[in-house]
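Start counting the sequence shown at 143; every next residue gets the next number (the working numbering).
Even for Gly, the Cβ is constructed at its ideal location relative to N, Cα and C.
Bear in mind that the values here come from a model prediction, so they are computed numbers and not experimental data.
Quick notes on the structure that follows.
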Amino acid sequence: PDELDVHAKVTSHTRYRGIYDIPVYQSEITVKGSFGKLDFSDWDISDTDIFWNKAKVSIQISDVQALISASPLRWGHQELELEPGSHQPESPGVHTKLSQSMLGSPKTEFSFEMVLNGSQYFSVAPVGSTTDFTMDSNWPDPSFQGEWLPREKVSVTDAGFNAHWSVSLLGRNYPKRWTGVATHEHALNTSQLGVRFLPPIDQYHMAFRSVKYELLFLVFVFMTLWLFEILSGIQIHSIQYVMVGVAMCLFYLLELSLAEHLGFVWAYTIAATMVCLLISGYCRAVLET
């Protein structure tokens, strides 16, 4: 299309299964745009060589099972029912057929609405000569993905976010039209813009960050044991150093297993207390002090 305007209102929430959670959403999508008069004279293709009776509008959806409802496609002053399948190889979606009488106008406007369910990620391919994409959502932690970032100031609050993208024909890696089904399919599939619904920092992220400091704590504890060995004159066997190191590693196992049920703060406190008591009791027996 010459113009493509997409507006998505995305309502997200979190689903739970056991101790795991995942963000899911329902999106209300409004698509508007326009096509100019189709002219292939610059390709030396005459109108008589084109099968106008086979023309169709194809709407590709990466997971067509997520489609909840869709309005008829409004093409000019006519409404056309959408049919299953995009009629493109390995590209699920929907389509509708056009008659030759619908293709002669200098400019034809179109529009349709869809409701889609999804999880984690939402994106749009900027197939218009000028593409404007606006997204409103109640998700407070968006991660903007794709080939283009929002062009205007993004509003992100605890209540959600609002973002707007604008992409021109010259800013992408495929032309306005081409021959052959798979000629620019890879470029089309990779040139997307959208949002990943990033989960807030959870106990797994916190546990992973605490593991990064494992070497520091091990070195600190081993240096403390070595100082006791030097100052007290009591020889500590290397196996006993290993036992202390194993006890330190138990801290991270306790931390993660408890965090899945109690939260990170309580898990960290309990695991640290238990490991400190374990190492203190063991060192007292080894050093006999």
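The alpha-carbon separation between Asn280 and Val199 amounts to approximately 32 Å. The continuous stretches of alpha helix (DSSP H) do not include Thr272, which lies in the beta strand (DSSP E) extending over residues Thr272 to Ser279. Under DSSP, Ala150 forms a beta bridge with Ile171 and Met277. The C-alpha of Gly235 lies about 26 Å from the C-alpha of Ser285.
In this structure, Gly313 sits away from Ser265, with a CB-CB distance that is not shorter than 8 Å.
For the options Met390, Tyr383 and Leu330, the alpha carbon positioned closest to that of Leu358 is the one of Met390.
Spanning the alpha carbons of Asp184 and Glu221 requires a straight line of approximately 31 Å. Its chain contains Gln262, Tyr263, Ser285 and Gln287 as the residues whose beta carbon lies nearer than 7 Å to that of Arg338, once the 5 sequence neighbours on both sides are disregarded; these appear in chain order. Taken through DSSP and simplified to helix, strand or coil, Glu294 comes out as coil.
When the five nearest sequence neighbours on each side are left out, the beta carbons in the same chain lying within less than 6 Å of the beta carbon of Glu145 are those of Gly175, Ser176, Gly270 and Thr272, in order along the chain. Between Ser310 and Arg293, the C-beta gap is not smaller than 8 Å, which leaves the two residues out of contact. The alpha-carbon separation between Met385 and Leu404 amounts to approximately 28 Å.
Residue nearest to Thr332 within the set Glu430, Tyr316 and Gly302 is Tyr316 (criterion: CA-CA distance). Around the beta carbon of Ile164, a 10 Å sphere encloses fewer than 16 other beta carbons of the protein chains shown; the residue is thus reported as exposed. Per the coordinates, the alpha-carbon of Glu327 lies some 47 Å from the alpha-carbon of Tyr394. Secondary structure at Lys196: helix, using DSSP grouped into helix, strand and coil. Nearest in C-alpha terms to Ser213, of all of Glu223, Gln230, Gly160 and Val206, is Glu223. For Trp290, the number of other beta carbons within 10 angstroms of its own is at least 16, and it is reported as buried.
In terms of Cβ geometry, Ile171 and Val206 do not form a close pair [threshold 8 Å]. If you draw a straight line from the Cα of Tyr158 to the Cα of Val166, it is about 10 Å long.
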